[in-house]
Structures are given as structure tokens and as C-alpha cells.
Amino acid sequence: MTTLTPQEVSSRLEQLTELSIALGNAHEAPHFLERILRTAKRIAHADGGTLYRVSADRQALEYHITINDSLRMQLGGEHGDAIHIPPIPLYDANGEQNLTAVAACAANCRHSVNIEDVYQATGYNFSGMRQFDLVNHYRCQSLLTVPMSNHEGELVGVLQLVNAQVPGTQNIIPFNATDQVFIEALAAQAAIALSNQALIAQLENLFESLVNLINIGIDEKSPNTGRHCHHVPELTMLLADAADRTLDGPLASYKMSPKDRKELWLAGLLHDCGKITTPVHVIEKGTKLQTIIDRIELIDTRFEVLKRDAEIRCLRKQLERQVDMAEAAQQLNAELAMLDDERQFLRAANVGGERMSDADTLRVQQIAQRRWHDQSGVENNFLTADEVKNLSIKKGTLTGEERHIINNHIAVTIRMLEALPWPKHLRNVPEYAGGHHERMDGKGYPRGLRGDQMSLPARMMAIADIFEALSAKDRPYKVGKTLTESLEILGKFSQEGHIDPDLFNVFVREKVYLEYAQRFMDPAQIDEVNHAAIPGFNDYANESIE
246 MTTLTPQEVS
256 SRLEQLTELS
266 IALGNAHEAP
276 HFLERILRTA
286 KRIAHADGGT
296 LYRVSADRQA
306 LEYHITINDS
316 LRMQLGGEHG
326 DAIHIPPIPL
336 YDANGEQNLT
346 AVAACAANCR
356 HSVNIEDVYQ
366 ATGYNFSGMR
376 QFDLVNHYRC
386 QSLLTVPMSN
396 HEGELVGVLQ
406 LVNAQVPGTQ
416 NIIPFNATDQ
426 VFIEALAAQA
436 AIALSNQALI
446 AQLENLFESL
456 VNLINIGIDE
466 KSPNTGRHCH
476 HVPELTMLLA
486 DAADRTLDGP
496 LASYKMSPKD
506 RKELWLAGLL
516 HDCGKITTPV
526 HVIEKGTKLQ
536 TIIDRIELID
546 TRFEVLKRDA
556 EIRCLRKQLE
566 RQVDMAEAAQ
576 QLNAELAMLD
586 DERQFLRAAN
596 VGGERMSDAD
606 TLRVQQIAQR
616 RWHDQSGVEN
626 NFLTADEVKN
636 LSIKKGTLTG
646 EERHIINNHI
656 AVTIRMLEAL
666 PWPKHLRNVP
676 EYAGGHHERM
686 DGKGYPRGLR
696 GDQMSLPARM
706 MAIADIFEAL
716 SAKDRPYKVG
726 KTLTESLEIL
736 GKFSQEGHID
746 PDLFNVFVRE
756 KVYLEYAQRF
766 MDPAQIDEVN
776 HAAIPGFNDY
786 ANESIE
């Protein structure tokens, strides 16, 4: 082993230490891999080098970065040109290990290959390298090829250096034993770091897949609202991006890092995870009387019974000649018409679209007092107390108890998310996801937070949640509103202290609504929007500067 001066040893150890620290902090693969190769070149005083990664199917070595100082060449990495070199197969057509290519041999045998002069070496196929030299007027001489195996002995790549040089000169020399030891140490260190990075990526992918698994469960449970879990995070990110690029107004200083984006995206995916506990008949309640079935059909049956009874009474009167035939028929028709009118009224009341008037509520109670005989012959009020309660709902289709069940999903969401051991870079997910039903004026739920107590991402999600619900056309209890209708309602919410007015201004001015609509809404809903007519919209960008 070549003797190094204390200064040389110290320098190499310092470079290894610096790389170790850098590998621990690296997150972006191109920068990560380039740092490994450049450090290896510097330690061994190599003119060039290549870093190979094992292909996904583990059948070949793929070129990831190639650097050559003399040729001023870089392929791959952060700043290099694209690599179009075919991968090196690890096995031949018969499935036998490829031992003729140096990189493949080092990978398959798990040992380093140190060659003083490739033009004098035997046992390997250097035709590709010779062709490279010919095309680029280069002379590859010394070669050091080191496999990169992690702590479990699994191959993750190969590090290859070419043409060691006397420091401060361009004189080519062999890679000595000391060079090889240091590069092997570096390769082992880098392999473990690469494996850790891959493991982190796999765990993050697994976690996001589990999140999607929850949303798939909600989709299957409630196909009419399942897309909401996917559309809200998309719209939230569109609004966050718009706020990030805003250069004026109160949000001009807001900026998002990649970490912030990841955190907000996951929060968006999880914002309604508590709905997995909400009963289907409540989520899917499209009419006031709907449970497992729409009970309006049962009421229709009772009307048919009343109409049958009316016809029987009429026929009996005619048989007993208690009334004139024409008069009896006229009375019957009047009664049947009244019953049909009441049936149509209850059917309309059952829809639950517009706000129900006090007069209509009173009429429901009056109809309920009719008497009818059930299949057992027992006389009852025409409507049960529960049916009266449901048909008297002022707006929408949910009773107070059902509304409480629906609202409880956000409390469940918060409990579920706060129970998870979030890593530091995702610790805000519960707050972001759990705040989308809070209001700026403190009248929201479940915690009644005011705007100054809510994070900006949570306020973004609140806007995305409302706009998606307004414009969605897949709800069983409503039709999807147009852009103009949705923005008018959202604007009034901004004026009334429901949503953040500054974020609403960005939402409109940057046309976040339109970008979302073009991706997810029915073209029939995308009408021409007049910004000047939107309540609460203040375009800071177009204000005159005095």
C-alpha cells in the first residue's frame, strides 16, 4: 500500500467526512449522485468517472452520470447532457453472469477491479472503451471499478474511475492500493446512503398509497362524493401555487418550499378521512325521506290506498243511491285531484333544494293528520312523526341529528390524524386537514377557530372544499353550479367572514377557478365570468398607486 503523508490522509478523511454529512442531508437524486462521483474523482485524482445504477429489473447497469475533465464532458447529473448510452447487461442471453464487461464483472463478483492499462489487460471486452477513445481522441489507461453494496450486501450500483493523475499534473498513473481502499470506503458509505434514500422514498410512497387506500374506501362507500377527496387537494395546490407566485397584496410574501408542498398535498388527501366512519345512508341522503330507500315511495302507496278508499266510498254511495251518479263522480274526481296535489307537494318537499317556507311546513303537518288504514287494518296518521320531521327540514335533506353526524367527520379526521406519529416535516398535516371547516369569524367547527388562529394552508383548503362542493355535479341532492354561481356564493362567504378574503382575491385574480374547471368540471358549467360582478372581489394588482 502506498504511503501517504499525514496531510494527504487528513485531506482524504476530511473529504469522506464531508461526503458523509452531505449524503445524510441529500434529498435530490441527481445532486446526490453527482456529489458521490465528484468526491471519488477528487480523492483518487481521477480525470474521469462514471456512476452506474442497477436497473429496476436488476438485469443491467444503467449510466447515471459520466464526467471527464480533459474532455470537458458531463452526461447526466444536475447540469449534464442527456445520456443515450445503452445499459450494460449483467447477464448474457443464456442467463449466465456477464464477466467480460468490467463494470458488470465487478457488480456480479462483488469485488473491485483495478487495471493499470486497459490496452494491455486481458480477460475483458474493452471494445466500447476503445471506440470512445477513437471518437473523442482520448486515451483511457488506468481504470478502477468498485461495486457499491449496501449493509445487506445488495448491489445498488458501480463506481468507475478512469486515469489517475499525479496531483497538479496530467501525467497518468495507475490507481494505487491506497486509492482503492479509500474509494471502496466511499462506495460503501454511498451505497448505504442510496439505500436509505430509496427506503425513505418507498416509505413515503407506501404512506401516500395508504392515504389513497382510505380514499378508495370512501369512494366505494360513497361514489357520489368520493371524487371530492381527490379534487380538493388538486384545487388546494392550485390555490397555493397562485399564492406563491403573487407579487402584490397581503400575500406577496408567501412562498412554498418543496416540503411545504408535500405537507399540504398530504393534508388535502386526508382532509376527509374521517368520513370513513360516517354512515352511508347519511352521506348518500339525496332526499329528505331517504334512508336505505326513499320513503316517499311508501307515502305514494298510502295515497293510492286513500284514492282506493275514496273510489270504494263513491261506489257504495252509488249502489245505495245515496247521491246522484254525476254528483258522486264529481266529488270523487275532486277528492282524487286533491290527493294527487298533496302527493305532488310532498314529492317536491322531499327534494330539499330551496329553503322551505313556514306555509309549506304547516301544510306538511296538516297532511300528516289525515287518517288511513295500514295493511293490518289499523288506522294511523297519514305521516309518522319521523316523516313529518324530515319533510319539514328547512333547507337541504339532513335533519339536525344527521347534520351533526356529517359534521362529526372532521372531529374524527382530527382524532385520526393526531394519533399518528408524524415526522417533523409533516407535523402540520393534522392542523391543515382539520381546519377546512373553520371560519374566519370563528363560527366554524369543530373548534371555532378565528382566522388569526388558522394557518394559511388550512384557509386555502377551506376555499377549495367549498368551491368543489358548489361546483360538483355528482351529488345526489343538488346540481353542479356554474362558475359564475359558485364564485358569487364564494364571494358572499368572503364578505360574511366565512373564508379568507385575501385568498379569495388570489383565487379569482389568478383564475384558479378556471384552471380547476378546465380539468375537472363539465364544460356546460364553465360560463363567462365577470370579475367586476363578483361580491367581495378586490383586485390589488389593478389598484392605482397614489
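Residues in the sequence shown are numbered consecutively from 246, following our numbering. Every residue, glycine too, gets a C-beta built ideally from N, C-alpha and C.
Expected contact under 8 Å - CB spacing of residue i and residue j to nearest Å
{"i": "residue 295", "j": "residue 311", "result": "5 Å"}
{"i": "residue 601", "j": "residue 639", "result": "5 Å"}
{"i": "residue 728", "j": "residue 771", "result": "6 Å"}
{"i": "residue 395", "j": "residue 437", "result": "5 Å"}
{"i": "residue 519", "j": "residue 661", "result": "6 Å"}
{"i": "residue 751", "j": "residue 483", "result": "About 10 Å separates the two Cβ atoms, so there is no contact after all."}
{"i": "residue 533", "j": "residue 635", "result": "4 Å"}
Extent of the continuous beta strand (DSSP E) to which residue i belongs
{"i": "residue 359", "result": "358-360"}
{"i": "residue 306", "result": "305-313"}
{"i": "residue 394", "result": "388-394"}
{"i": "residue 295", "result": "291-299"}
{"i": "residue 410", "result": "400-410"}
{"i": "residue 321", "result": "318-321"}
Close-in-space but distant-in-sequence residues of the same chain around residue i (CB under 8 Å, 5 per side omitted)
{"i": "residue 343", "result": "333, 334, 335, 336, 337, 349, 350, 353"}
{"i": "residue 597", "result": "532, 533, 638, 640, 641, 642, 722"}
{"i": "residue 614", "result": "626, 627"}
{"i": "residue 633", "result": "609, 610, 613"}
Beta bridge counterpart(s) of residue i as assigned by DSSP
{"i": "residue 535", "result": "539"}
{"i": "residue 618", "result": "624"}
{"i": "residue 333", "result": "306"}
{"i": "residue 878", "result": "Residue 878 lies beyond the stretch modelled for the chain, which goes from 246 to 791, so this question has no answer here."}
{"i": "residue 554", "result": "None, per the DSSP bridge assignment."}
{"i": "residue 342", "result": "336"}
{"i": "residue 417", "result": "410"}
{"i": "residue 695", "result": "686"}
{"i": "residue 505", "result": "In the DSSP output, where bridge partners are listed per residue, residue 505 has none listed."}
{"i": "residue 203", "result": "With the chain covering only 246 through 791, there is no way to say anything about residue 203."}
{"i": "residue 326", "result": "320"}
N- and C-terminal bounds of the alpha helix (DSSP H) containing residue i
{"i": "residue 596", "result": "570-596"}
{"i": "residue 435", "result": "422-466"}
{"i": "residue 611", "result": "603-613"}
{"i": "residue 500", "result": "First-last for residue 500: undefined, no H or E at that position."}
{"i": "residue 774", "result": "Careful: residue 774 lies outside any alpha helix (DSSP H) and carries neither H nor E."}
{"i": "residue 363", "result": "Counting along the chain, residue 363 falls outside any alpha helix (DSSP H), and DSSP gives it neither H nor E."}
{"i": "residue 712", "result": "701-716"}
{"i": "residue 763", "result": "757-765"}
{"i": "residue 740", "result": "728-740"}
{"i": "residue 382", "result": "Note, residue 382: premise wrong, no alpha helix (DSSP H); not H, not E."}
{"i": "residue 350", "result": "347-354"}
{"i": "residue 747", "result": "746-754"}
{"i": "residue 668", "result": "First-last for residue 668: undefined, no H or E at that position."}
{"i": "residue 526", "result": "525-528"}
{"i": "residue 370", "result": "Careful: residue 370 lies outside any alpha helix (DSSP H) and carries neither H nor E."}
{"i": "residue 636", "result": "630-636"}
{"i": "residue 674", "result": "674-679"}
Same chain, Cβ closer than 6 Å to residue i, five either side skipped, listed in chain order
{"i": "residue 386", "result": "362, 408, 417"}
{"i": "residue 718", "result": "725, 767"}
{"i": "residue 702", "result": "509, 677"}
{"i": "residue 618", "result": "624"}
{"i": "residue 765", "result": "476"}
{"i": "residue 738", "result": "744"}
{"i": "residue 573", "result": "559, 562, 563"}
{"i": "residue 773", "result": "none"}
{"i": "residue 419", "result": "361, 387"}
{"i": "residue 424", "result": "289"}
{"i": "residue 580", "result": "555"}
{"i": "residue 695", "result": "687"}
{"i": "residue 273", "result": "Low local confidence applies: a pLDDT of 49 at residue 273 is under 50, so the model's placement there is unreliable, with the coordinate-based value given in what follows. Excluding sequence neighbours, residue 273 sits near nothing in its chain."}
{"i": "residue 246", "result": "Residue placement at residue 246 cannot be trusted, given a pLDDT of 46 that sits under 50; the coordinates are not used to answer."}
Sequence-distant residues of the same chain with beta carbon closer than 7 Å to residue i, five excluded per side
{"i": "residue 345", "result": "369, 370"}
{"i": "residue 731", "result": "712, 715, 716"}
{"i": "residue 390", "result": "347, 348, 351, 357, 358, 403, 405"}
Near the ligand COA: residue i beta-carbon under 7 Å from a heavy atom
{"i": "residue 319", "result": "By its list of ligands, the structure shown contains no ligand whatsoever, and the ligand COA lies outside what it can speak to."}
Contact with chain C by residue i, beta-carbon distance below 8 Å
{"i": "residue 538", "result": "Absent from the structure: chain C. Only one protein chain is present."}
Checklist entry - Contact between the region 483-500 and the region 453-467: three or more CB pairs below 8 Å? => result no
Next on the checklist: Count Cβ pairs between the region 645-653 and the region 670-681 that sit closer than 8 Å; are there 3 or more?
Outcome noted: no
Next on the checklist: Check whether the region 744-763 and the region 502-518 touch, using three or more Cβ-Cβ pairs below 8 Å as the test.
Outcome noted: no
Checklist entry - Counting pairs of beta carbons, one from the region 608-622 and one from the region 556-563, are three or more of them closer than 8 Å? => result no
Checklist entry - Between the region 440-454 and the region 297-317, do three or more beta carbon pairs fall short of 8 Å? => result no
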